[in-house]
Amino acid sequence: MTLAPNNMKRFSFKNTYIIAALVSGLLLASLITNAQEIIPLYATAVPNSKASDVQETGMETGILKGITKPTLEYFKPAPDKASGAAVIIIPGGGYGVVVYNGEGVNTAKAMAEKGIAAFVLKYRLPSDAIMPDKKIGPLQDAQQAIKLVRENAAKWGIDPAKVGIMGFSAGGHLASTAATHFEKAYVDNTSNTSLRPDFQILIYPVISMQDSLTHGGSHDGLLGKNPSKQDVDLFSNELQVRANTPPTYLTHAADDKLVDVDNSIVFFEKLRRQKVPVEMHIYPKGDHGFIFRHPGWMEPLFAWMTINNWLTK
């Protein structure tokens with residue numbers, strides 16, 4: 001595979017993506033039923049948090065901001081369809097908002113229809129106003145979500161060896177961070193529960209924090225405008241791939257003008273060289289947020305999950 005030179009500039013989080021997600025969320029508003037359960041992510045105090053007057057907003061539109069109390073929203077498959085697989089879904093939003101309905105709830109319902117226990121993660125956005133160390137806050141929430149689902153697997157009818165993670169855009173960065181940083185616990189884990197996802201699904205993901213590849217809004221939101229090289233490298237997940245990185249499904253549009261497709265291509269190459277099982281689907285057109293315009297995008301994903309026995313009862 002030959003990689004084209006990457007001359008991509010940093011882009012801000014485009015209004016078109018927000019509008020598409022917002023329209024999708026509004027269309028869902030009359031259809032969304034209550035999930036089976038909304039689960040607080042932390043039973044006690046939220047780690048790496050500080051007192052603030054920040055208030056959560058956006059539930060009426062499905063585009064969330066100001067999250068200080070992270071949760072999992074559980075969508076349970078019908079008993080006759082349940083495969084034992086579970087997926088933690090991380091919506092995107094450039095680390096500035098969470099596209100909760102459009103990328104989270106919508107996806108969770110489709111997953112549950114296929115027999116997959118789906119958990120939408122409402123995670124804290126990196127913010128100096130609510131965290132002493134904003135760069136690790138989202139990762140803490142992703143790790144805690146994996147830990148919580150795995151530790152409650154018997155209760156929820158889940159196979160603890162079939163717990164995956166799925167992320168969109170900046171949520172794809174967070175998902176790939178969880179899938180490449182699992183050997184260090186950023187949350188309390190005295191039980192030594194495995195924090196490694198069994199598989200990762202990345203949809204038009206931000207992978208890198210390197211200037212030549214990253215999405216500027218996600219980079220600045222997570223690390224700030226002048227991060228150290230150490231932090232840039234640490235959160236450039238293409239540099240963190242190892243032989244034990246989970247099997248991976250990638251999908252992207254070649255004409256994505258917000259998050260360059262080279263994020264997925266470079267990650268694919270790193271995984272392949274480490275002999276990590278990886279499948280990638282690149283659509284010639286669709287731009288960023290193509291899931292809002294291509295309703296059949298999940299069919300190859302479900303085929304991949306079936307081939308890999310995650311949908312086998």
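Counting from 1, position 68 in the sequence shown corresponds to residue 68 in full-length UniProt numbering; the numbering is continuous, with no gaps. In this text, a Cβ means the ideal position worked out from N, Cα and C, and glycines have one as well.
Cα separation between residue i and residue j?
{"i": "A82", "j": "V163", "result": "13 Å"}
{"i": "V187", "j": "E279", "result": "30 Å"}
{"i": "P247", "j": "M209", "result": "22 Å"}
{"i": "R293", "j": "G286", "result": "7 Å"}
{"i": "K109", "j": "F75", "result": "7 Å"}
{"i": "N7", "j": "A78", "result": "Because the pLDDT at N7 is just 36, under 50, the model does not fix this residue reliably, and the point stays unresolved."}
{"i": "N244", "j": "V276", "result": "7 Å"}
{"i": "G104", "j": "G167", "result": "9 Å"}
{"i": "L202", "j": "Y283", "result": "14 Å"}
{"i": "P132", "j": "S52", "result": "11 Å"}
{"i": "N308", "j": "I63", "result": "33 Å"}
{"i": "Y95", "j": "A254", "result": "22 Å"}
{"i": "W310", "j": "G296", "result": "20 Å"}
Which of helix, strand or coil does DSSP assign to residue i?
{"i": "V206", "result": "coil"}
{"i": "M305", "result": "helix"}
{"i": "H294", "result": "coil"}
{"i": "Q55", "result": "coil"}
{"i": "F267", "result": "helix"}
{"i": "T248", "result": "strand"}
{"i": "V232", "result": "helix"}
{"i": "E151", "result": "helix"}
{"i": "A112", "result": "helix"}
{"i": "residue 314", "result": "Nothing about residue 314 can be reported from this structure: the residues present for the chain run from 1 to 313 only."}
{"i": "V105", "result": "helix"}
{"i": "A243", "result": "coil"}
{"i": "G92", "result": "coil"}
{"i": "Q274", "result": "coil"}
Using a Cβ-Cβ cut-off of 7 Å (strictly less than) and excluding sequence neighbours within five positions of residue i, which residues of its own chain qualify?
{"i": "I38", "result": "T71, E73"}
{"i": "Q144", "result": "L41, Y42, V187"}
{"i": "V206", "result": "S169, A170, G172, H173, T214, H215, S218, V259, N263"}
Under 6 Å Cβ to Cβ from residue i, same chain only, skipping five residues before and after it: list those, please.
{"i": "T107", "result": "I89"}
{"i": "V266", "result": "E238"}
Pull up the DSSP beta-bridge partners for residue i, would you.
{"i": "V98", "result": "L64"}
{"i": "L121", "result": "L72"}
{"i": "E37", "result": "Y74"}
{"i": "G172", "result": "Beta-bridge pairing links G172 to no other residue."}
With distances taken Cα to Cα, identify the nearest neighbour of residue i among the options.
{"i": "A154", "options": "V46, I63, A86", "result": "A86"}
{"i": "V97", "options": "A118, P126, F119, K69", "result": "P126"}
{"i": "E269", "options": "A254, L250, D255", "result": "L250"}
{"i": "E151", "options": "T177, Q140, N192", "result": "N192"}
{"i": "V46", "options": "D231, Q140, I158", "result": "Q140"}
{"i": "S236", "options": "K50, G92, I136, T177", "result": "T177"}
CB-CB under 8 Å to residue i, same chain, minus the five flanking residues each way: which ones, in chain order?
{"i": "E113", "result": "P77, K81"}
{"i": "V54", "result": "G66, T68, S127, A129, I130"}
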